[in-house]
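Written below as structure tokens is the structure these notes are about.
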Amino acid sequence: EDQVTQSPEALRLQEGESSSLNCSYTVSGLRGLFWYRQDPGKGPEFLFTLYSAGEEKEKERLKATLTKKESFLHITAPKPEDSATYLCAVCRGSGTYKYIFGTGTRLKVLA
Amino acid sequence: NAGVTQTPKFRVLKTGQSMTLLCAQDMNHEYMYWYRQDPGMGLRLIHYSVGEGTTAKGEVPDGYNVSRLKKQNFLLGLESAAPSQTSVYFCATREAGADTQYFGPGTRLTVL
Numbered sequence: 071e072d073q074v075t076q077s078p079e080a081l082r083l084q085e086g087e088s089s090s091l092n093c094s095y096t097v098s099g100l101r102g103l104f105w106y107r108q109d110p111g112k113g114p115e116f117l118f119t120l121y122s123a124g125e126e127k128e129k130e131r132l133k134a135t136l137t138k139k140e141s142f143l144h145i146t147a148p149k150p151e152d153s154a155t156y157l158c159a160v161c162r163g164s165g166t167y168k169y170i171f172g173t174g175t176r177l178k179v180l181a
Numbered sequence: 089n090a091g092v093t094q095t096p097k098f099r100v101l102k103t104g105q106s107m108t109l110l111c112a113q114d115m116n117h118e119y120m121y122w123y124r125q126d127p128g129m130g131l132r133l134i135h136y137s138v139g140e141g142t143t144a145k146g147e148v149p150d151g152y153n154v155s156r157l158k159k160q161n162f163l164l165g166l167e168s169a170a171p172s173q174t175s176v177y178f179c180a181t182r183e184a185g186a187d188t189q190y191f192g193p194g195t196r197l198t199v200l
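This is how it looks when you write it as structure tokens:
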């Protein structure tokens with residue numbers, strides 16, 4: 071069964087305290103893995119797409135990596151404005167793709 | 089360039105009432121999706137469309153209907169609302185041949 075599990079559910083960091091969020095997945099025929107940021111009361115905002123094991127993508131203080139079983143979102147020297155829920159999703163199939171979403175990690179960065 | 093917009097932003101219904109949620113996009117994307125987001129659960133697909141005039145069922149379609157009469161609009165209807173349909177609804181779009189979905193700001197619906 072296709073499944074996406076994110077950990078931890080919630081994370082509190084001090085400003086400048088680097089950490090990583092985990093997304094483990096079980097899916098047949100992975101087409102891509104996506105990271106989104108969601109602020110309270112807003113829609114998910116696209117961050118990264120990863121396609122193959124070993125791939126890395128960076129944006130400001132965020133770096134996403136991918137292995138055959140999981141993805142990590144590394145946050146380096148976070149700031150309070152990085153506080154949000156981070157969602158992971160995988161896509162499988164061809165043509166009409168199927169997307170499976172995790173439940174997210176709620177990140178709070180304290181000043 | 090507004091991207092994906094959703095109307096309304098908030099709505100309160102009584103059990104048995106009907107309503108329509110509108111998703112509009114100006115990105116000329118072929119694919120459009122309706123999801124619901126509930127606490128402790130990942131986004132779940134309700135219905136989707138692969139192009140103008142087409143619709144298909146997703147993971148949780150019961151109690152909802154959709155229409156895509158124009159490429160830029162995707163409507164989600166609730167014919168007889170139930171408290172179990174209290175949720176936040178998100179529309180997403182995807183360009184043909186691409187993988188990434190882009191989401192709207194959401195509609196928070198409460199059914200009393």
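Going down the list, the protein sequences come from chains A and B. With the numbering used here applied, the first sequence covers 71 to 181. With the numbering used here applied, the second sequence covers 89 to 200. Note that CB positions come from ideal geometry on N, CA and C, so glycine has one too. These figures come from a predicted structure and were not determined experimentally.
A check of alpha carbon separations from threonine 143 of chain B across B:Phe162, B:Gln113, B:Gln125 and B:Gly192 identifies B:Phe162 as the nearest.
Judged by their CB atoms, leucine 120 of chain A and aspartate 152 of chain A are not nearer to each other than the 8 angstroms cut-off. Taking one beta carbon from each stretch, the segment 173 to 180 of chain B and the segment 109 to 122 of chain B have 3 or more pairs nearer than 8 angstroms; the two touch.
Residue contact with chain B for arginine 101 of chain A: present (Cβ-Cβ distance below 8 angstroms to some residue of chain B). At a beta-carbon threshold of 8 angstroms, the residues of chain B lying near lysine 112 of chain A are Pro193 and Gly194, ordered along the chain. Here the C-alpha atom of glutamine 105 of chain B lies approximately 5 angstroms from the C-alpha atom of serine 168 of chain B. The CB of glutamine 189 of chain B comes closer than 7 angstroms to the CB of Tyr169 in chain A, given here in chain order.
If you compare the alpha carbons of A:Ser90, A:Thr175, A:Ser98 and A:Leu180 with that of proline 127 of chain B, the shortest gap goes to A:Thr175. The beta carbon of threonine 103 of chain B lies closer than 7 angstroms to those of Ala169, Ala170, Pro171, Val199 and Leu200 in the same chain, with the five residues before and after it left out. Three or more beta-carbon pairs separated by less than 8 angstroms are not found between the segment 91 to 98 of chain B and the segment 80 to 89 of chain A, which leaves the two stretches without contact.
Contact between the segment 149 to 165 of chain B and the segment 122 to 130 of chain A is absent: fewer than 3 CB-CB pairs across the two stretches fall below 8 angstroms.
Excluding the 5 residues flanking it on each side, glycine 99 of chain A has same chain C-beta neighbours closer than 7 angstroms at Arg162 and Gly163, in chain order. For glutamine 76 of chain A, the secondary structure class from DSSP, reduced to helix, strand or coil, is strand.
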